[in-house]
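Number of protein chains: 2
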Amino acid sequence: MTVHRLSPEILSAMESAVGQSGVAISGSDMAKYLGDWSGDHRGGALAVLKPASVAEVQAVVRLCGALGLGIIPQGGNTGLVAGAIDIEARGAVVISLERLNRIRLVDADNFVLQADAGCVLQAVKDASEAHDCLFPLALGAQGSCQIGGNAASNAGGVNVLRYGMARDLILGLEVVLPDGELWDGFCGLRKDNRGYDLKQLFIGSEGTLGIITGVELKLFPRPARIETAYLGLASFEAAVALFRQARRATADLISAFEIIGSECIDLARLVDADLASPVEAPVHVLMELSASAAVDLRALLVDFLAGAMESGLVAEALLADSDGHAKAFWAIREGLVEGQAKRGYHVRTDLSVRISDIPALVDQARHFVALEHPGWLPQAYGHAGDGNIHFNVLPPEGLTVVEARNRGADITAGLYRIANSLGGSISAEHGIGRSRHRAFWAGLAPAHRRLVTALKQALDPDGLMNPGCLLPPTETVP
Amino acid sequence: MTVHRLSPEILSAMESAVGQSGVAISGSDMAKYLGDWSGDHRGGALAVLKPASVAEVQAVVRLCGALGLGIIPQGGNTGLVAGAIDIEARGAVVISLERLNRIRLVDADNFVLQADAGCVLQAVKDASEAHDCLFPLALGAQGSCQIGGNAASNAGGVNVLRYGMARDLILGLEVVLPDGELWDGFCGLRKDNRGYDLKQLFIGSEGTLGIITGVELKLFPRPARIETAYLGLASFEAAVALFRQARRATADLISAFEIIGSECIDLARLVDADLASPVEAPVHVLMELSASAAVDLRALLVDFLAGAMESGLVAEALLADSDGHAKAFWAIREGLVEGQAKRGYHVRTDLSVRISDIPALVDQARHFVALEHPGWLPQAYGHAGDGNIHFNVLPPEGLTVVEARNRGADITAGLYRIANSLGGSISAEHGIGRSRHRAFWAGLAPAHRRLVTALKQALDPDGLMNPGCLLPPTETVP
Numbered sequence: 132m133t134v135h136r137l138s139p140e141i142l143s144a145m146e147s148a149v150g151q152s153g154v155a156i157s158g159s160d161m162a163k164y165l166g167d168w169s170g171d172h173r174g175g176a177l178a179v180l181k182p183a184s185v186a187e188v189q190a191v192v193r194l195c196g197a198l199g200l201g202i203i204p205q206g207g208n209t210g211l212v213a214g215a216i217d218i219e220a221r222g223a224v225v226i227s228l229e230r231l232n233r234i235r236l237v238d239a240d241n242f243v244l245q246a247d248a249g250c251v252l253q254a255v256k257d258a259s260e261a262h263d264c265l266f267p268l269a270l271g272a273q274g275s276c277q278i279g280g281n282a283a284s285n286a287g288g289v290n291v292l293r294y295g296m297a298r299d300l301i302l303g304l305e306v307v308l309p310d311g312e313l314w315d316g317f318c319g320l321r322k323d324n325r326g327y328d329l330k331q332l333f334i335g336s337e338g339t340l341g342i343i344t345g346v347e348l349k350l351f352p353r354p355a356r357i358e359t360a361y362l363g364l365a366s367f368e369a370a371v372a373l374f375r376q377a378r379r380a381t382a383d384l385i386s387a388f389e390i391i392g393s394e395c396i397d398l399a400r401l402v403d404a405d406l407a408s409p410v411e412a413p414v415h416v417l418m419e420l421s422a423s424a425a426v427d428l429r430a431l432l433v434d435f436l437a438g439a440m441e442s443g444l445v446a447e448a449l450l451a452d453s454d455g456h457a458k459a460f461w462a463i464r465e466g467l468v469e470g471q472a473k474r475g476y477h478v479r480t481d482l483s484v485r486i487s488d489i490p491a492l493v494d495q496a497r498h499f500v501a502l503e504h505p506g507w508l509p510q511a512y513g514h515a516g517d518g519n520i521h522f523n524v525l526p527p528e529g530l531t532v533v534e535a536r537n538r539g540a541d542i543t544a545g546l547y548r549i550a551n552s553l554g555g556s557i558s559a560e561h562g563i564g565r566s567r568h569r570a571f572w573a574g575l576a577p578a579h580r581r582l583v584t585a586l587k588q589a590l591d592p593d594g595l596m597n598p599g600c601l602l603p604p605t606e607t608v609p
Numbered sequence: 132m133t134v135h136r137l138s139p140e141i142l143s144a145m146e147s148a149v150g151q152s153g154v155a156i157s158g159s160d161m162a163k164y165l166g167d168w169s170g171d172h173r174g175g176a177l178a179v180l181k182p183a184s185v186a187e188v189q190a191v192v193r194l195c196g197a198l199g200l201g202i203i204p205q206g207g208n209t210g211l212v213a214g215a216i217d218i219e220a221r222g223a224v225v226i227s228l229e230r231l232n233r234i235r236l237v238d239a240d241n242f243v244l245q246a247d248a249g250c251v252l253q254a255v256k257d258a259s260e261a262h263d264c265l266f267p268l269a270l271g272a273q274g275s276c277q278i279g280g281n282a283a284s285n286a287g288g289v290n291v292l293r294y295g296m297a298r299d300l301i302l303g304l305e306v307v308l309p310d311g312e313l314w315d316g317f318c319g320l321r322k323d324n325r326g327y328d329l330k331q332l333f334i335g336s337e338g339t340l341g342i343i344t345g346v347e348l349k350l351f352p353r354p355a356r357i358e359t360a361y362l363g364l365a366s367f368e369a370a371v372a373l374f375r376q377a378r379r380a381t382a383d384l385i386s387a388f389e390i391i392g393s394e395c396i397d398l399a400r401l402v403d404a405d406l407a408s409p410v411e412a413p414v415h416v417l418m419e420l421s422a423s424a425a426v427d428l429r430a431l432l433v434d435f436l437a438g439a440m441e442s443g444l445v446a447e448a449l450l451a452d453s454d455g456h457a458k459a460f461w462a463i464r465e466g467l468v469e470g471q472a473k474r475g476y477h478v479r480t481d482l483s484v485r486i487s488d489i490p491a492l493v494d495q496a497r498h499f500v501a502l503e504h505p506g507w508l509p510q511a512y513g514h515a516g517d518g519n520i521h522f523n524v525l526p527p528e529g530l531t532v533v534e535a536r537n538r539g540a541d542i543t544a545g546l547y548r549i550a551n552s553l554g555g556s557i558s559a560e561h562g563i564g565r566s567r568h569r570a571f572w573a574g575l576a577p578a579h580r581r582l583v584t585a586l587k588q589a590l591d592p593d594g595l596m597n598p599g600c601l602l603p604p605t606e607t608v609p
């Protein structure tokens, strides 16, 4: 819709910067860059540019700066908050990092990997494994999300509990700044306390302060033993108590502690109709421990669970007997997310609270939906070990998309109110993007707003980096 | 020397802000706030103010802002880089946090502790232990350093390997901004991805962007088992290879991996003349593993070391048989630092390199000292698991302090050149302060300088926060 603004001169300058094959301007060529994975968001762009080197990223940023064009950095486009989709279609340029996709270095001796921002997360994980190392970031989207996007959005996932968010896994960044200059923040050091830690600015900034072109990552020894258990519990309270005991009993050998309300199992059946639930209980827990071969992890887990069953905290427990068995457990967790997507539009949230407040969050949210939005189906699951619950709500059959979205906005607002009243967060791991920035901004204290604005102004005074994302738009749509 | 500038009006305003007992202006009252632990630095101040509440910190900051007075936030004064000592004595005001010393909350269920900035680190550790939790930051100075200073300087220590720097242990901060406003960044959440992570700005900023008044910390399960070994090895190469194997063999159950050149043992003997070295080898390693009671850590360590001795990597190995025995091993590590202090002035560094470059760093540094500064005594020890070597150099007997300091400056510069040539850091954990800011600044790429300056300008436009620290001074001494 904005192609008419693209003059021959601008097109020619773009082609000079990234080559003809690096420029997409037709609707069909741009299509895959203008809609996100969830199907929830579509946007517009003046052009999609695909630089093939860091120097080309710099050239494109300088060109956009000279023309006053907004820049939307884009990775694998698997985010859920329209962080890389210009839903207001204000004539910005999408810069896709997909052609910057080289693993630069795997230094297994020092447990360091360097990669271009456009490397797919799975490729990073595979390259680490090939050197008998682990890069622990693990997400449903790992086959298509890009490591630069993971850094820019501070991605979370199922192993945060043990290894932290993307922020905790990054040793260094390479960033093209809004003026086109390159900041080389690679150092290869495990410990470096030379002044302000500038990489922290860009991690989680969602492309609003610069374009990440390269990442330097921490690798870990690959755990030689992994034990996986699928548990049935009576309540969310029991799950939280179990987690607390497990942290102490294992001294933090837990690598995942996922919680699944039993209502979610029907969603997983949309992907695998024959799926049999491993347990029959209101609340399921998928728990994973990992360690080196020198630790008898199986005995540790068996002893711990025996105690938990004896004390009545755990009702049913299944231990994976093989890798395949463990994968089948994980397929339930992954299937319920895919199953939701098959249901089309639904309310997605990404709430976090203090871990001990998880039961209150789920109770209040279920009560709210039942009372004020009867017929809508709540689904509660998430990374309980991080206090992070994806409390999602499926619309009843028969609603039009417009009706569902309107009502969905009310439900979302109600769930945010509940999270806020518990001192929680409306974005535990997905970020703010364009779909949450109003709720985000409304919830900020004045001092916090001033700091956010001052940072943005200091680094991107012209406001060209990912306009409309994270911060409230500074310009209005023409 | 600057008391004459303190008019009765200003003094009276200061007393209104913090009460009479909160103001020190005489040389004797100010003395302990104007010299650091090492004895290397002394500075001056117009006054030392000791606010007893967050509101009093705000009042003091507003007063200094109105008067255009520089502000030097000060914790336990145990830093080594003159970060809280105005060595140029430019008439700033020291704000000591020592009266803000309350543990605000220990939430063992959620593994969270909140404390005033002025709490001594040991008090934080004790409060955690009282709830059967661990706060893992561990420094020689933990009996007097303050947790706010640990946050402001992103302190390191002996357990970084397992638990990270102060940055990694902080969930939230409370900060009085340069305009006197309070930013409340406590949230109690393990996971929160709402936009820019503002606390990262203040961690490691050495008081140049605001005054930390409160910290919210991550606690951990207290490891029920700790095993400690003292090892003798032939070389730094062997120590690095051993570390690499140990990471894999234990899947990161190592909580400390300290390296000590055998020459340092004589320093420890300055503290305990009867000290017998546990091993006779060129390089000593103090290695600690920790885990829950469910892990047979002793067997794991014995097996690992047996293999390492069989392969010839380790020459001698002693396992601690009791807590007292382990403490005796640690007393060597702590004693050598105290022993150095007894020697008076010496060259102190805090270098880091890629772990695999540790042998090159030590070789080149020793060679440089032997060749260009014969008679000076190099001491190499540090946190090898982090790539962090304190390569210190003692002056020969008979030099005057002035002669030693002049030559010491040359030696320091030479050691920085070696670290830089290996792609290393001149400050792994101690920070920049006033003693390293010229070397720091000289080593920065232009894009990095611009970012640092832009941040400082954005948050502290009047340049009143810790002037002369970290950044080059913006004003000249009158």
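From first to last, the protein sequence lines are chains V and B. If you count the first sequence from 1, position 341 lands on 472 in the numbering used here, and the numbers rise without skipping. If you count the second sequence from 1, position 51 lands on 182 in the numbering used here, and the numbers rise without skipping. Don't be surprised by glycine CBs; every beta carbon is placed ideally from N, CA and C. In this text, all values refer to a predicted model and were calculated from it rather than measured experimentally.
Item                                                                                                                                                                                                                      : Value
Nearest-angstrom Cα distance between glycine 539 (chain V) and valine 291 (chain V)?                                                                                                                                      : 29 Å
Under the rule that 16 or more other beta-carbon atoms within 10 Å means buried, what is serine 157 (chain B), buried or exposed?                                                                                         : exposed
So if I threshold CB-CB distances at 8 Å, which residues from the stretch 179–190 of chain V count as touching chain B?                                                                                                   : none
On a Cα-Cα basis, can you pick out the residue from V:Glu229, V:Arg230, V:Gln245 and V:Leu228 that is closest to leucine 236 (chain V)?                                                                                   : V:Gln245
Under 7 Å, Cβ to Cβ, is there at least one residue of chain B near glutamine 331 (chain V)?                                                                                                                               : yes
Taking 8 Å as the cut-off, does the stretch 339–358 of chain B touch the stretch 296–309 of chain B (at least 3 CB pairs, one atom from each stretch)?                                                                    : yes
Verify whether the separation of the beta carbon atoms of alanine 399 (chain V) and glycine 466 (chain V) is less than 7 Å.                                                                                               : yes
I want to know whether the stretch 333–342 of chain V touches the stretch 353–373 of chain V - three or more CB-CB distances under 8 Å.                                                                                   : no
Could you pull out every residue in the same chain whose Cβ sits closer than 6 Å to the Cβ of leucine 602 (chain B), ignoring the five residues on either side in sequence?                                               : Lys587
Name the chain B residues that come within less than 7 Å of asparagine 241 (chain V), Cβ to Cβ?                                                                                                                           : Arg485, Ile486 and Ser487
So, at 8 Å on beta carbons, what are the nonlocal neighbours of asparagine 285 (chain B) in its own chain, with the 5 sequence-adjacent residues on each side left out?                                                   : Met296, Ala297, Arg298, Ile334, Gly335, Glu560 and Gly562
Within the same chain, show all residues whose beta-carbon is closer than 7 Å to that of alanine 223 (chain B), passing over the 5 residues directly before and after it, in chain order.                                 : Ala176, Leu177, Leu200, Gly201, Ile202, Ile203, Asp217 and Pro598
Cβ closer than 7 Å: which chain V residues qualify as neighbours of glycine 518 (chain B)?                                                                                                                                : Leu320, Arg321 and Lys322
Suppose the cutoff is 7 Å on Cβ atoms and the five residues either side in sequence are ignored; what does the same chain contact list for leucine 553 (chain B) look like?                                               : Val484, Asp488, Ala491 and Leu492
Going by DSSP, name the residue or residues bridged to methionine 596 (chain V).                                                                                                                                          : V:Ile202
Going by Cα to Cα distance, which pick from V:Glu528, V:Gly513, V:Ser442 and V:Arg221 is closest to alanine 365 (chain V)?                                                                                                : V:Ser442
Consult DSSP for asparagine 537 (chain B) and reduce its assignment to one of helix, strand or coil.                                                                                                                      : helix
Return yes when at least one heavy atom of the ligand SAH lies under 6 Å from the C-beta of alanine 360 (chain B), else no.                                                                                               : Annotation note on the ligand SAH: not contained in the displayed structure, which lists no ligands.
Among V:Leu482, V:Val414 and V:His504, whose alpha-carbon lies nearest the alpha-carbon of histidine 521 (chain V)?                                                                                                       : V:Leu482
List the residues that DSSP assigns as beta-bridge partners of glutamate 394 (chain V).                                                                                                                                   : Partner(s): none; glutamate 394 (chain V) has no beta bridge.
Hey, how far is the Cα of aspartate 315 (chain B) from the Cα of glycine 594 (chain V)?                                                                                                                                   : 27 Å
Inspect the beta-carbon positions of valine 188 (chain B) and isoleucine 342 (chain B) and report whether they are closer than 7 Å.                                                                                       : yes
Under a Cβ-count criterion, where at least 16 other Cβ atoms within 10 Å of its own Cβ denotes burial, should aspartate 541 (chain V) be classed as buried or exposed?                                                    : exposed
Under the three-state reduction of DSSP, which class applies to glutamate 219 (chain V): helix, strand or coil?                                                                                                           : coil
Whether or not the stretch 508–522 of chain B and the stretch 311–326 of chain V are in contact is what I'm after, with contact meaning three or more pairs of Cβ atoms, one per stretch, closer than 8 Å; do they touch? : yes
Helix, strand or coil: how does DSSP classify cysteine 264 (chain V) here?                                                                                                                                                : strand
I need the DSSP call for alanine 399 (chain V), collapsed to helix, strand or coil.                                                                                                                                       : helix
Looking at chain V, is there any beta carbon in it that lies within less than 7 Å of the beta carbon of threonine 344 (chain B)?                                                                                          : no
Of the residues V:Arg193, V:Ala424 and V:Trp461, which one's Cα is nearest the Cα of aspartate 403 (chain V)?                                                                                                             : V:Trp461
List, in order along the chain, the chain V residues whose C-beta lies closer than 8 Å to that of phenylalanine 367 (chain B)?                                                                                            : Correct list: empty, because the minimum Cβ distance to chain V is about 14 Å.
Mind listing which residues of the stretch 370–401 of chain V have their C-beta closer than 7 Å to chain B's C-betas, in chain order?                                                                                     : Arg375, Arg378, Arg379, Ala380, Thr381, Ala382 and Asp383
Just the C-alpha distance for glycine 170 (chain V) and cysteine 276 (chain V), rounded to the nearest angstrom, thanks.                                                                                                  : 16 Å
Which whole-angstrom value describes the C-beta separation of arginine 497 (chain V) and proline 509 (chain V), a residue pair presumed to lie in contact below a C-beta threshold of 8 Å?                                : 5 Å
Give a yes or no on whether the minimum CB-CB distance between valine 478 (chain B) and chain V is below 7 Å.                                                                                                             : no
Out of V:Ile396, V:Gly207 and V:Gly564, which has the shortest C-alpha to C-alpha gap to aspartate 405 (chain V)?                                                                                                         : V:Ile396
Report the start-end ranges of each alpha helix (DSSP H) in the stretch 464–522 of chain V that is 4 residues or longer and not cut off at the edges.                                                                     : 489–503
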